[in-house]
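**Student:**
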Amino acid sequence: MSKDKQEFLISRNNNNYEVIIGLEVHAQVTSNSKLFSSSSTKFGAEPNTQVSLVDAAFPGMLPVINEFCIKQAIKTGIGLKAKINNKSVFDRKNYFYADLPQGYQISQYKYPIVGEGKIILDMPYGQKEIGIERLHLEQDAGKSIHDIDPDSTMVDLNRSGVALMEIVSKPDLSSPDEVNVYIKKLRSIMRYLGTCDGNMQEGSLRADVNVSVKKKGEEKLGTRCEIKNVNSIKFMQMAIIYEANRQVDLLEDDKIVDQETRLFDTKKNETRSMRSKEDAHDYRYFPDPDLLPLEVSNDLIDTIKKEIPELPDEKKKRFIEKFNLTPYEATILVSDIETSKFFEEVIKDSDIKLATNWITGELFALLNEKNLEISKSPISSKNLSKLINLIKNGTISGKIAKTVFELMIESDKDADAIVNEKGLKQESDPKQLEKLIDNIIKNNQDKVNEYKSGKDKLFGFFVGQVMKVSEGKANPKLVNEILKDKLSK
Ligand code: MN
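The numbering of the sequence shown is this note's numbering, which starts it at 60 and goes up by one.
(1) Going by C-alpha to C-alpha distance, which of SER439, PRO209, MET213 and GLU237 sits closest to TYR184?
(2) Do LEU492 and ALA533 have their C-beta atoms closer together than 8 Å?
(3) At a cut of 8 Å, does the stretch 395-410 reach the stretch 435-452 through at least three beta carbon pairs?
(4) State the start and end residues of the unbroken beta strand (DSSP E) segment that holds TYR16.
(5) Near LYS545, what residues of its chain come up, given a Cβ to Cβ distance below 7 Å and the 5 sequence neighbours on each side ignored?
(6) Could you give the residue range of the beta strand (DSSP E) that holds GLN198?
(7) Would a C-beta distance cut-off of 8 Å place GLN109 and SER99 closer than the cut-off?
(8) Just the Cα atoms here: how many angstroms apart are ASN357 and ASN145?
(9) Let me check understanding here. Comparing Cα to Cα, which of ALA414, GLU337, PHE382 and LYS244 lies closest to ASP372?
(10) Can you tell me whether GLU337 sits near ligand 1, meaning its C-beta is under 7 Å from at least one heavy atom of the ligand?
(11) Can you say whether GLU77 is buried or exposed, counting buried as having 16 or more other CB atoms within 10 angstroms of its CB?
(12) Who does LEU580 pair with in a DSSP beta bridge?
(13) Going straight from the alpha carbon of VAL538 to that of GLY262, what length do you get?
(14) Report yes if the C-beta of HIS205 is less than 7 Å from at least one heavy atom of ligand 1; otherwise report no.
(15) Strictly by DSSP, which residues pair up with HIS205?
(16) Might you give, ordered along the chain, the residues of its own chain that have their beta carbon closer than 7 Å to the beta carbon of ILE410, omitting 5 neighbours on each side?
(17) Just the C-alpha distance for PRO235 and MET259, rounded to the nearest angstrom, thanks.
(18) Would you check whether ligand 1 has a heavy atom nearer than 7 Å to the C-beta of GLU225?
(19) Less than 7 Å separating the Cβ of GLU197 from some heavy atom of ligand 3?
(20) Just list the beta strand (DSSP E) runs in the stretch 211-269, keeping only unbroken ones of 3 residues or longer that don't cross its boundaries, in chain order.
(21) Could you please give me the residues that DSSP links to VAL525 through a beta bridge?
(22) Check VAL316 in the structure and name its three-state DSSP category.
(23) Around the C-beta of LYS375, are 16 or more other C-beta atoms found within 10 angstroms, so that it is buried, or is it exposed?
(24) Rounding to the nearest angstrom, what Cα-Cα distance links PRO348 and GLU285 in this structure?
(25) Going along the chain, which unbroken runs of the alpha helix (DSSP H) with 4 or more residues stay wholly within the stretch 446-486?
(26) Going by beta carbon distance, what residues of the same chain come within less than 8 Å of ALA200, once the five residues before and after it are set aside?
(27) Taking 6 Å as the limit between beta carbons, can you name the residues of its chain near ILE396, skipping five residues before and five after?
(28) Specify, as a first and last residue, the run of the alpha helix (DSSP H) that GLN306 falls within.
(29) Among SER70, VAL525, THR385 and LYS484, which has the Cα closest to the Cα of ASN502?
(30) Can you grab the Cα-Cα spacing for the pair LYS326 / PHE518, in whole Å?
(31) If you measure from the CB of SER147, is any heavy atom of ligand 1 nearer than 7 Å?
(32) Applying the 10 Å Cβ sphere with the 16-neighbour rule, what's the burial state of GLY482?
(33) Identify which residue in ARG305, THR330 and PHE67 has its Cα closest to the Cα of LYS314.
(34) So, at 8 Å on beta carbons, what are the nonlocal neighbours of SER90 in its own chain, with the 5 sequence-adjacent residues on each side left out?
(35) Determine the DSSP secondary structure at TYR76, reduced to helix, strand or coil.
(36) Flag HIS85 as yes when its Cβ comes closer than 7 Å to any non-hydrogen atom of ligand 1, and as no otherwise.
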């Protein structure tokens, strides 16, 4: 493993294999209504309560394009630094399935709405650019439910017709770690843009994972397998590792890898063959005669460009330049739009360095422990900023601040109120501290003698005593100064 490039290799019998990964992410467009009908897209509704005649594919019903979804796709394309195509075409992708009443999915085939773009990944070994091949709009299918009735399969059409953006990467990803960072970055960009909530538990973000392997250094790509519909990053990583190893084993046994579509079994942690991979022509794509080609004017693109907020990469750059953060700190703070907002609110009137440390340290630990999003933080940005100011102006020590932080979690009181109520103010009056220290010296004469005869380590003992007697409130800097002075006499 070289220093600047972390390689993910699979080794067998002195052969090293590289893994080549491409992702087709299906991201649900944030929109109140579906791509071609006005039905609601709200998650969690009773089955089949959000189904129009269009979604149920009643004969003669015509799709009507949802302009908002088009704008959302353009927005996402701009966020991916991609080319927006002035003309795109909706096609019918024909296949049969019980949860697809139309008998075809309306998708975009030859002419997608968004062309090539890119995403920059911050890896421990540096930045890596991942190419985006395209982004196209398509309808989601309904949902087949197999676990309600042992003898039959139920169909819920609430999801039928919901707008999806299929975002296809180039095969530029080469490890499970890169896949992790890629998905998070893509999700982060879409959340900044408000075009997809990225909620993987609710199925708003799922990926088909294409995996192939080749001997290190070889030019020719191996045969790829596609693992369908993986809905968590952890499962994507597990599926990739399993699948890459399976393919390497086949090649090492002089067997061939069949191009096929596979399924990841999360219980057994293995991929299984679903069907041999269909080619595009199996779907008999043709332009949907119910929908005209979609024309997007440059004016519309320019208007949307003006609505694009500051995105993670630009925000990171600004945080580093303006606030003097390290790239690492900036990366963490911009990774989620809510976190970056929280940070900027805290530093409106408090110390940047302290705010950075408290947010990435104590606050993140708390949120992690309670499994909370920062928007649900039990400590508001305003209160954290107050706490930081109390540390900064010497009212409380950093150690006491941790106690106050704990108390802030339990009550909704602010930092000032807690410090006053509990009498936690830092003792910074030299006279008071001297009194306290004199007492400790008097009561520990044996230790004083040992210290004076060269046992330097005992200094810590005295500091500890002062802190104990003052209940942690003594100003540590002053305690050190006074103790040094007194013990040298
Ligand atoms: Mn698709």
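Positions of the beta carbon are idealized from the N, C-alpha and C atoms, including for glycine.
**Tutor:** According to the structure shown:
(1) Across the set SER439, PRO209, MET213 and GLU237, the C-alpha of GLU237 shows the shortest separation from the C-alpha of TYR184.
(2) Going by C-beta atoms, LEU492 is nearer than 8 Å to ALA533.
(3) By the Cβ rule, the stretch 395-410 counts as touching the stretch 435-452, because three or more pairs are nearer than 8 Å.
(4) Any answer about residue 16 is impossible in this case: the structure gives the chain only from 60 up to 548.
(5) Cβ within range, chain order: ILE496 and ILE500.
(6) Counting along the chain, the beta strand (DSSP E) containing GLN198 begins and ends at 185-198.
(7) In contact: GLN109 and SER99 (Cβ atoms closer than 8 Å).
(8) Rounded to whole angstroms, ASN357 to ASN145 spans 7 Å at the Cα level.
(9) Distance from the Cα of ASP372 is smallest, within the candidate group ALA414, GLU337, PHE382 and LYS244, for LYS244.
(10) Not one heavy atom of ligand 1 lies closer than 7 Å to the C-beta of GLU337.
(11) It is buried - the Cβ of GLU77 has at least 16 other Cβ atoms within 10 Å.
(12) Since the first residue shown for the chain is 60 and the last is 548, residue 580 is missing from the structure and cannot be characterised.
(13) Roughly 57 Å between the two C-alpha positions.
(14) No, Cβ of HIS205 sits at least 7 Å from all heavy atoms of ligand 1.
(15) Note: HIS205 sits in no beta bridge, so no partner.
(16) Inspection of the sequence shows that residue 410 is occupied by Asp rather than by Ile. ILE447 and LYS451, listed in sequence order.
(17) Rounded to the nearest angstrom, the two C-alpha atoms are 18 Å apart.
(18) A heavy atom of ligand 1 is found nearer than 7 Å to the CB of GLU225.
(19) Ligand 3 is not among the ligands present in this structure, which contains only ligand 1.
(20) Listed in chain order, they are 211-215 and 222-228.
(21) Per DSSP, none; premise fails for VAL525.
(22) Reduced to three states, the DSSP call for VAL316 is coil.
(23) LYS375 is buried by the Cβ-count criterion.
(24) Between the alpha carbons of PRO348 and GLU285 lies a gap of roughly 30 Å.
(25) Counting only runs of 4 or more, we get 457-469 and 474-481.
(26) Result list for ALA200: TYR156, ASP158, LEU159, GLN164, ARG218 and SER219, in chain order.
(27) The residues are ARG250 and TYR251.
(28) Secondary structure note for GLN306: its alpha helix (DSSP H) is the uninterrupted segment 292-311.
(29) For the options SER70, VAL525, THR385 and LYS484, the alpha carbon positioned closest to that of ASN502 is the one of VAL525.
(30) C-alpha separation (whole angstroms): 57 Å.
(31) It does not: the Cβ of SER147 is nowhere closer than 7 Å to a heavy atom of ligand 1.
(32) Looking at its Cβ environment, which holds fewer than 16 other Cβ atoms inside 10 Å, GLY482 is exposed.
(33) Closest by alpha carbon: ARG305.
(34) Here the set comprises THR100, ASN125, PHE127, CYS128, GLN131 and ALA222.
(35) TYR76: strand per DSSP, three-state reduction.
(36) The answer is yes for HIS85.
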